[in-house]
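Structure first, then comments.
Chains as they are written, first to last, in this note's numbering: chain F, 209 to 321; chain V, 2 to 112.
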């Protein structure tokens with residue numbers, strides 16, 4: 209079985225501040241992990257993915273995430289928030305060899321000017 | 002640039018109607034997925050297909066069926082729409098290893 213928990217359905221940060229969105233996963237086999245972003249009235253697009261290579265993964269728009277097996281975490285960070293980062297972010301897990309992806313419930317990021 | 006298109010952005014139907022949501026991908030991907038998205042619940046998998054004419058139930062298949070007659074097209078069918086099926090429906094395509102590519106979504110309202 210696989211599952212994802214995203215802590216905090218809403219996160220607010222000031223423009224220029226650090227962004228930290230939390231994701232913890234559960235998987236019985238080595239996982240593939242993803243972060244997606246959804247802007248209003250749009251579908252999801254991939255920010256970054258972990259597929260068992262480097263544990264620190266860099267994505268688009270200055271985001272990165274670190275896979276920590278001991279903590280079963282895959283938190284998303286960005287050093288300096290921009291107004292355009294306001295969106296909903298989804299963490300997702302796929303257990304190796306299994307085609308189904310399980311998504312978290314999402315975190316809405318608000319950026320305050 | 003990969004693309005997944007959905008037949009409608011907004012759809013309004015009446016209770017009891019049969020509803021078809023169409024999805025087309027131009028990526029030649031084996032897998033296609035239908036999700037529904039509701040506030041506070043994230044994305045929940047309805048059905049997915051890993052090959053033409055093949056389908057598997059996801060987490061919430063009740064009240065839905067699917068059809069995949071061609072590799073690029075995956076249809077979601079609501080046999081008799083109900084108000085609790087009012088939601089955002091997202092289609093995605095993907096290969097065996099990597100990420101999924103999503104369409105823009107169809108916001109369905111059932112009155």
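The beta carbon of each residue, even a glycine, is placed where N, CA and C say it ideally should be.
The model shown is predicted, which means the values in this text are computed figures rather than measured ones.
For residue 264 of chain F, same chain residues with a beta-carbon under 6 Å away, outside a window of 5 residues either side, are 274 in chain order. Residue 232 of chain F and residue 214 of chain F have their C-alpha atoms some 6 Å from each other. The beta-carbon of residue 77 of chain V is placed no less than 8 Å from the nearest beta-carbon of chain F.
Residue 34 of chain V: member of the beta strand (DSSP E) spanning 32-39, first to last residue. Chain F has no Cβ within less than 8 Å of the Cβ of residue 94 of chain V. Nearest in C-alpha terms to residue 281 of chain F, of all of F/287, F/290, F/270 and F/243, is F/243.
Nearest C-alpha to residue 83 of chain V among V/38, V/17 and V/55: V/17.
Here the region 102-111 of chain V lies against the region 17-32 of chain V, with 3 or more beta-carbon pairs under 8 Å apart. At least one CB of chain V lies nearer than 8 Å to the CB of residue 217 of chain F.
Taking 9 Å as the Cβ-Cβ cut-off, the region 242-265 of chain F approaches chain V at 242, 244, 246, 249, 250, 251, 252, 253, 254, 257 and 259, given in chain order. Near chain V, meaning a CB-to-CB distance below 7 Å, the residues of the region 289-316 of chain F are 298, 307, 308, 309, 311, 312, 313 and 314. Looking only at F/310, F/313, F/297 and F/270, the smallest Cα-Cα distance to residue 248 of chain F is reached by F/297. Residue environment for residue 218 of chain F: exposed (fewer than 16 other C-beta atoms within 10 angstroms of its C-beta). If you draw a straight line from the Cα of residue 101 of chain V to the Cα of residue 34 of chain V, it comes to about 9 Å. In the structure shown, residue 89 of chain V adopts extended strand secondary structure according to DSSP, grouped into three states.
Under the three-state reduction of DSSP, residue 55 of chain V is assigned to strand.
With its beta carbon at least 8 Å from every one in chain F, residue 23 of chain V lies outside the interface.
DSSP, read as helix, strand or coil, puts residue 232 of chain F in strand.
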